[in-house]
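Residues in the sequence shown are numbered from 28 upward in steps of one, following the numbering used here. In what follows, a single structure is set out as structure tokens and then discussed.
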Amino acid sequence: MALPLLAYKPTTQNHRVRSFGIADLNEDTPYVYRLEDLSSETDFQSLVFAAYRQVFSEHETLKFNRQITLETRLKNNSITVRDFIRELAKSERFYATVVAVNSNYRLVQVCLKRFLGRDSYNQDEEIAWSIVIATKGFSGFVDALLDSDEYTEAFGDFTVPYQRKRMEGRPFNLVTPRYGEEAYRDSYGTTKYDWRFTVEKFYTKKFQERQLPEGDPRRFASVAAAIAPKGNYAQGIRAAEIDYLNKVPRRR
């Protein structure tokens, strides 16, 4: 039985602020691609490319990621733009390049940016959607996002998702589709194999305070130091310096 989406409190972000009209129009204002605005084959290809760029990211817009059958169905009006985005998100290529290489929390961040055009409100929202992934699977998570009231109100059936409101930092379609920088470096990056990073990591507070496995002698280093036993240890005396005659007891 799938759990309902947990309640979370949205925070104020730029896309939730009402437009200031002309003041919001600048070089970062995204071009909105709508299916009803198409008037030529060139316009259609631009819309398809925009969909790939939004879903797969700018640097993943490659020829082998194309879904020719889906493009044909969209061109014949057999499916809507929303369905086209849904099928791209559920494709094997998206699963291999985005889903399989991310944790659930990171996956929620990426998908909210790609499909809803906004970042996650807070950690509560990331936890709520990650539970949806755990209970309904990634396919159910995609359906929940694309069938949500927020998606319908923002994009509807015929508009390609885009980053809403002002651009801050990197565009959402340029977000690295891998683990967060630190997590990815620690798991798969050069920090795991390069001796320089290994030495630097040894002296970090995070490494020294890490959870050691049971039975590791290092877990008892502090206990051994606290005992501070006082004992008689061997002294550095040479055999030639020992007076054996005086050591032997005399018999009377």
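Glycine is no exception: its CB is placed at the ideal position from the N, C-alpha and C atoms. Remember, predicted model here, so these are calculated numbers, not experimental data.
Beta-carbon proximity check, V187 vs Q81, cutoff 8 Å: yes
T69 - DSSP class collapsed to helix/strand/coil: Judged by DSSP in its simplified three-state form, T69 adopts helix.
Chain B contact for Y148 (CB, 8 Å cutoff): Annotation note: the requested chain B is absent from the structure, which comprises a single protein chain.
Alpha-carbon to alpha-carbon, T96 and Q72: 14 Å
Which of helix, strand or coil DSSP assigns to T186: strand
Length of the line joining the Cα atoms of S166 and V75: 22 Å
Distance, Y132 Cα to K90 Cα: 29 Å
Contact check, E152 vs Y35, beta carbons under 8 Å: yes
CB contact flag (F185, V125, <8 Å): no
Proximity winner among N104, T56, S84, L33, relative to L65 (alpha-carbon distances): N104
CB of G144 within 8 Å of CB of R191, strictly: yes
Burial state of V137, where buried means 16 or more other Cβ atoms lie within 10 Å: buried
Alpha helix (DSSP H) segment containing E153, residue limits: 150-173
Residues of its chain near V135, where Cβ-Cβ distance is below 7 Å and the 5 sequence neighbours each way are ignored: S147, E153, W156, S157
Distance between beta carbons of Y178 and F142, contact taken as under 8 Å: 7 Å
E208 versus N129 - alpha carbon distance: For E208, the pLDDT reaches just 49, beneath the cut-off of 50, and the residue's location in the model is therefore unreliable, leaving the point undetermined.
Cβ-based burial, F247 [other Cβ within 10 Å; buried from 16]: exposed
For R61, the nearest candidate out of S118, A181, N92, L32 (CA to CA): When each option's Cα is compared against that of R61, the closest is A181.
Of the residues N149, E114, L33, the one placed nearest Q94, counting alpha carbons only: E114
Identity of the residue in L101, S118, S175, E63 nearest F300 by Cα: Beyond the ends of the chain as shown, which are 28 and 279, falls residue 300; an answer cannot be given.
Rounded C-alpha distance that separates V159 from L32: 7 Å
Euclidean distance between Cα positions of I106 and D174: 15 Å
Which of helix, strand or coil DSSP assigns to R246: Three-state result, R246: helix.
K140 classed as buried or exposed, judged by whether at least 16 other C-beta atoms fall within 10 angstroms: The residue is buried, with at least 16 neighbouring Cβ atoms inside 10 Å.
Cβ-based neighbour list, F111, same chain, cut-off 7 Å, excluding 5 preceding and 5 following: A78, L97, L101
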